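Colleague: Numbering (UniProt numbering), first residue to last: 1 to 413.
Where a beta carbon is used, it is the ideal one built from N, C-alpha and C, also for glycine.
Model, not experiment: these values are computed from the prediction.
What follows is the structure, encoded as structure tokens:
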């Protein structure tokens, strides 16, 4: 009997290149190629991406299903458009007839989708991968205070009210109560990092309902890297945004000296004008740094081959960045902020280095030390390659199948 699986994600890789969209897309493809499994993807889209589609309309992109969304409230995580998207969801569920619906977050699609799924597909098991902290933190899931930008480990009513003083206390209470009720409809949660799982347990989610399953990426060919006498080429891959720590990174690059170089790969996206100005000024003041703009995923291997170190200086608690896994496959050591899921993925002194977040002097010192020690670079590069397994992605897919089949057996029993 064929296992029918529907994956739901907040965007499609054809329109954005975020890690969650890529992971959901690739996982759907790998599952669909597995004997005895039929997997389909539903991605939310916006007016910017599909201007000719009416809100609530279904569409197609490369064989994947699309649902055009309307207004979405980031605080409540609920849809605000009043469109008849429920009918569209009903048609799609009737077409796919899923045994398992696997959501990759609730952003844009709306948290109420959980209740809709339970009503329209009562026998389907619901799985939710917790790719981010949006459920926990109304500040776009960043777990950074407003406006200071300090890290916030345990969001809650009192703490969140400091960031949003204009919101009444009842709004914060209702937000958590409503999300908690909706999350009770989920049959299984997946967390890509132990840190993120612990954050959700602290918030109130039952630890027994969460499976920690580290992310993996599709195997891709990477050029063989020889030893470098001067491993002084540093690279950043990702969104150019304040919480990503790119401004402290450029400050560190200036402090480290012009003997090393920094290549920044990524777009500014929806960055505000003030940050765009700060970034442009910092770039102009850093002669040994270059910004190359957005990159295609297909070019990532070649771009990484031109670097000696990946730098991930995030100021927030990254969960499980796919770029670290790509660096592992490329044999590229990583210098990262020693917090959150990043610290789990990079072994300090073995596959890379940890630095305090937002500390340009400490980062500059780490970059100088890394560039001047070819033996350490060679050792860490070898350790990165040794941690990469060609069969890791297949094991990742099979682990999802184990979760799905366990849940399906419970329904049949």
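1. Starting from the C-beta of residue 374, find all residues in its chain whose C-beta is less than 8 Å away, skip the five residues before and the five after it, and write them out in chain order.
2. When the Cα atoms are used, what is the spatial distance from residue 267 to residue 382?
3. With which residues is residue 59 paired in a DSSP beta bridge?
4. Helix, strand or coil: which one does DSSP assign to residue 352?
5. Under 8 Å, with one C-beta from each stretch per pair, do the region 275-292 and the region 208-215 reach the 3-pair mark?
6. What does residue 206 pair with, by DSSP beta-bridge criteria?
7. Inspect the beta-carbon positions of residue 366 and residue 355 and report whether they are closer than 8 Å.
8. Looking at the strands, I want to know which residues DSSP matches up with residue 7.
9. By Cβ distance below 7 Å, which residues in the same chain neighbour residue 68 in space, the five residues on each side in sequence not counted?
10. Can you list the alpha helix (DSSP H) stretches of 4 or more residues lying completely in the region 289-360, in chain order?
11. Can you find at least 3 beta carbon pairs, one from the region 248-259 and one from the region 398-405, that sit closer than 8 Å?
12. Could you work out which residue in 385, 196 and 110 is closest to residue 179 when comparing CA atoms only?
13. Sort 309, 38 and 235 by Cα distance to residue 3 and report the nearest one.
14. Among 270, 136, 121 and 276, whose alpha-carbon lies nearest the alpha-carbon of residue 95?
15. Kindly indicate the opening and closing residues of the beta strand (DSSP E) around residue 263.
16. Suppose contacts are defined by Cβ-Cβ distances below 8 Å. Is residue 70 in contact with residue 84 by that definition?
17. Just verifying my parser: in three-state terms, what is the DSSP assignment at residue 387?
18. So what's residue 185 in DSSP terms, helix, strand or just coil?
19. Which residue comes first and which comes last in the beta strand (DSSP E) that contains residue 119?
20. Using alpha carbons as the reference points, say which of 189, 305, 145 and 36 lies closest to residue 317.
21. Using a Cβ-Cβ cutoff of less than 8 Å, which residues in the same chain neighbour residue 233 once the five nearest sequence positions on both sides are dropped?
22. To the nearest angstrom, how far is the alpha carbon of residue 181 from that of residue 368?
23. Between the Cα of residue 337 and those of 292, 326 and 360, spot the shortest distance and give me the residue it belongs to.
24. Take every Cβ of the region 236-244, pair it with every Cβ of the region 285-304, and state whether three or more of those distances are shorter than 8 Å.
25. Please name the residue, chosen from 40, 18 and 172, that lies closest to residue 322 on a Cα-to-Cα basis.
26. Between residue 247 and residue 332, what straight-line distance do the alpha-carbon atoms span, to the nearest angstrom?
27. Determine, using beta-carbon pairs with one atom in the region 93-108 and one in the region 127-145, whether at least three such pairs fall under 8 Å.
28. State the DSSP-derived secondary structure class of residue 133, mapped to helix, strand or coil.
29. Report all residues from its chain with a CB closer than 7 Å to the CB of residue 97; omit the five preceding and five following residues, and keep chain order.
30. Determine whether the beta carbon atoms of residue 143 and residue 155 lie at a separation below 8 Å.
31. Return yes when the Cβ of residue 106 is within less than 8 Å of the Cβ of residue 116, no when it is not.
32. Can you tell me whether residue 173 is buried or exposed, with buried defined as 16 or more other CB within 10 angstroms of its CB?
Modeller: Checking against the coordinates, here is how it stands:
1. The residue given as residue 374 occupies position 374 in the chain shown. These residues qualify, in order along the chain: 227, 228, 229, 230 and 231.
2. As a position in the chain shown, residue 267 is number 267, starting the count at 1. As a position in the chain shown, residue 382 is number 382, starting the count at 1. Between the alpha carbons of residue 267 and residue 382 lies a distance of about 31 Å.
3. The residue you call residue 59 lines up with position 59 of the chain shown. Residue 59 is bridged to 66.
4. Position 352 of the chain shown, counting from 1, holds the residue named residue 352. Looking at residue 352 - three-state DSSP - the assignment turns out to be strand.
5. Short answer: they don't touch.
6. Residue numbering aside, residue 206 sits at position 206 when the chain shown is read from its first letter. In the DSSP output, where bridge partners are listed per residue, residue 206 has none listed.
7. Along the chain shown, one-based indexing puts residue 366 at 366. Along the chain shown, one-based indexing puts residue 355 at 355. The beta carbons of residue 366 and residue 355 sit closer together than 8 Å.
8. Here residue 7 refers to the residue found at position 7 of the chain shown. Beta-bridge annotation (DSSP): residue 7 is paired with 41 and 102.
9. Numbered from 1 along the chain shown, position 68 holds the residue referred to as residue 68. Cβ within range, chain order: 45, 50, 53, 54, 55, 56, 57 and 59.
10. Assignment of alpha helix (DSSP H) within the region 289-360, counting only whole runs of 4 or more residues, yields 300-305, 322-330 and 340-345 in chain order.
11. Fewer than three beta-carbon pairs drawn from the region 248-259 and the region 398-405 are found closer than 8 Å, and the two stretches are therefore not classed as touching.
12. As a working note, residue 179 is residue 179 in the chain shown. It is 110.
13. In the chain shown, counting from the first residue as 1, residue 3 sits at position 3. Nearest neighbour of residue 3 by Cα position, chosen from 309, 38 and 235, turns out to be 38.
14. By 1-based counting over the chain shown, the position of residue 95 is 95. Residue 95 has its Cα closest to that of 121, out of 270, 136, 121 and 276.
15. Working through the chain shown from its first residue, we reach residue 263 at position 263. In the DSSP assignment, residue 263 falls within the beta strand (DSSP E) that extends over 261-265.
16. Position 70 of the chain shown, counted from the start, is the residue given in the question as residue 70. Position 84 of the chain shown, counted from the start, is the residue given in the question as residue 84. Between residue 70 and residue 84, the C-beta spacing is not below 8 Å.
17. Position 387 of the chain shown, counted from the start, is the residue given in the question as residue 387. Here residue 387 sits in helix by DSSP.
18. Position 185 of the chain shown, counting from 1, holds the residue named residue 185. DSSP places residue 185 in coil when its eight states are reduced to three.
19. By 1-based counting over the chain shown, the position of residue 119 is 119. Run containing residue 119: none in the beta strand (DSSP E); it sits in the alpha helix (DSSP H), 113-120.
20. Here residue 317 refers to the residue found at position 317 when the chain shown is read from its first residue. The option with the nearest alpha carbon to residue 317 is 145.
21. Position 233 of the chain shown, counted from the first residue, corresponds to residue 233. These residues qualify, in order along the chain: 260, 261, 263, 306, 307, 308 and 309.
22. Within the chain shown, residue 181 is the residue found at index 181, counting from 1. Within the chain shown, residue 368 is the residue found at index 368, counting from 1. Each residue's alpha carbon lies about 51 Å from the other.
23. By 1-based counting over the chain shown, the position of residue 337 is 337. Ranking the options by Cα distance to residue 337, first place goes to 360.
24. Taking 8 Å as the limit for Cβ pairs, the verdict is that the region 285-304 does touch the region 236-244.
25. As a working note, residue 322 is residue 322 in the chain shown. When each option's Cα is compared against that of residue 322, the closest is 18.
26. Reading the chain shown from its first residue, position 247 is the one you call residue 247. Reading the chain shown from its first residue, position 332 is the one you call residue 332. If you draw a straight line from the Cα of residue 247 to the Cα of residue 332, it is about 22 Å long.
27. By the Cβ rule, the region 93-108 counts as touching the region 127-145, because three or more pairs are nearer than 8 Å.
28. In the chain shown, residue 133 corresponds to position 133, counting from 1. Shown here, residue 133 sits in coil according to DSSP, grouped into three states, outside any helix or strand.
29. If you number the chain shown from 1, residue 97 lands on position 97. Cβ neighbours of residue 97 beyond the five flanking positions: 4.
30. Indexing the chain shown from 1 puts residue 143 at position 143. Indexing the chain shown from 1 puts residue 155 at position 155. By the CB criterion at 8 Å, residue 143 and residue 155 fall inside the cutoff.
31. Translated into the one-based positions of the chain shown, residue 116 becomes position 116. Translated into the one-based positions of the chain shown, residue 106 becomes position 106. In this structure, residue 116 sits away from residue 106, with a CB-CB distance that is not shorter than 8 Å.
32. Residue 173 sits at position 173 when you count from the first residue of the chain shown. Residue 173 is exposed by the Cβ-count criterion.
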